[in-house]
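Student: Under our numbering, the first residue of the sequence shown carries the number 69, and numbering increases by one thereafter.
Glycine included, each C-beta is placed from N, C-alpha and C at the ideal position.
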Amino acid sequence: MTGVLPIGLEEATKTVQAILAGGKEYVGVMKLHGEVNHDKIIKVFKEFTGEIFQRPPLRSSVKRRIRTRTIYYASVLEVDGRNVLFKVGCQSGTYIRKLIHDIGEVLGVGAHMAELRRTRAGPYTEDENLVRLQDLADAQAYYRERGDETWLRRAVLPVETSVRLLP
Numbered sequence: 069m070t071g072v073l074p075i076g077l078e079e080a081t082k083t084v085q086a087i088l089a090g091g092k093e094y095v096g097v098m099k100l101h102g103e104v105n106h107d108k109i110i111k112v113f114k115e116f117t118g119e120i121f122q123r124p125p126l127r128s129s130v131k132r133r134i135r136t137r138t139i140y141y142a143s144v145l146e147v148d149g150r151n152v153l154f155k156v157g158c159q160s161g162t163y164i165r166k167l168i169h170d171i172g173e174v175l176g177v178g179a180h181m182a183e184l185r186r187t188r189a190g191p192y193t194e195d196e197n198l199v200r201l202q203d204l205a206d207a208q209a210y211y212r213e214r215g216d217e218t219w220l221r222r223a224v225l226p227v228e229t230s231v232r233l234l235p
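(1) Going straight from the alpha carbon of R150 to that of A207, what length do you get?
(2) Any idea if G215 is buried or exposed, counting beta-carbon neighbours within 10 angstroms, 16 or more meaning buried?
(3) Please state whether the Cβ-Cβ distance between R135 and G161 is less than 9 angstroms.
(4) Scan the segment 155–221 and note each continuous beta strand (DSSP E) run of 3 residues or more that stays entirely inside, going in chain order.
(5) Does DSSP put T229 in a helix, in a strand, or in coil?
(6) Output the residue ranges of the alpha helix (DSSP H) runs that lie fully inside the segment 84–128 and measure 4 residues or longer, sorted by chain position.
(7) Does the segment 215–225 come close enough to the segment 84–95 that 3 or more CB-CB pairs lie under 8 angstroms?
(8) Whose CA, out of P226, E213, L88 and H169, lies closest to the CA of V97?
(9) Skipping 5 residues on each side, what residues in its chain have a beta carbon closer than 6 angstroms to that of F113?
(10) Which residue wins for smallest C-alpha separation from G176, given the options L204, E194 and K108?
(11) Have a look at A89 and Q159 and give me their C-alpha separation to the nearest angstrom.
(12) What separation, rounded to the nearest whole angstrom, lies between the Cα atoms of I139 and Y211?
(13) From N105 to V147, what distance separates their C-alpha atoms?
(14) By DSSP's criteria, Y140 is part of a beta bridge. Which residues make up the other side?
(15) Let me make sure I understand the geometry here. Which of V227, H101, R186 and L225 has the alpha-carbon closest to that of G71?
Okay, structure coming up:
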């Protein structure tokens, strides 16, 4: 998986757990194990919105008891043969790989997740807040060489940005 992963420094580490407890958004590719009508795929994705029951996968750090998770939206962006590009907005703790498996079961052909990218975690999105690790390393090197923290300040956001969506 690639994408948005908020990281806290020093005192800001205390906010990371709260940030990660917020909703998340993913874009991914589901690989179907058989042919399925395009309209049926869209219909089944819509059925997986709202509260769903989910059992964590075998390889999981939590107890494998059934729990409810909320899927805020699940949409099909594109279908190319057996590859389905999708977007899902969900409650923290939702297993997307398991969700895709379950959608494949309802479709009657089985499916697995081929690719996944987290595009939002809490208030942070790929579009407005993304800093690659290479950008951060370059900013740190620039600071060490010249003592200028301008690039570091662009890469490291103040902790206050993590609470900007709160009422």
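Tutor: To lay it out plainly:
(1) 42 angstroms
(2) exposed
(3) yes
(4) 179–189
(5) helix
(6) 106–115
(7) no
(8) That would be H169, whose Cα lies nearest to the Cα of V97.
(9) Leaving aside the five residues that flank F113 on each side, the residues in its chain whose CB is nearer than 6 angstroms to its CB run, in chain order, A142 and V144.
(10) K108
(11) 8 angstroms
(12) 43 angstroms
(13) 10 angstroms
(14) Beta-bridge pairing links Y140 to no other residue.
(15) R186
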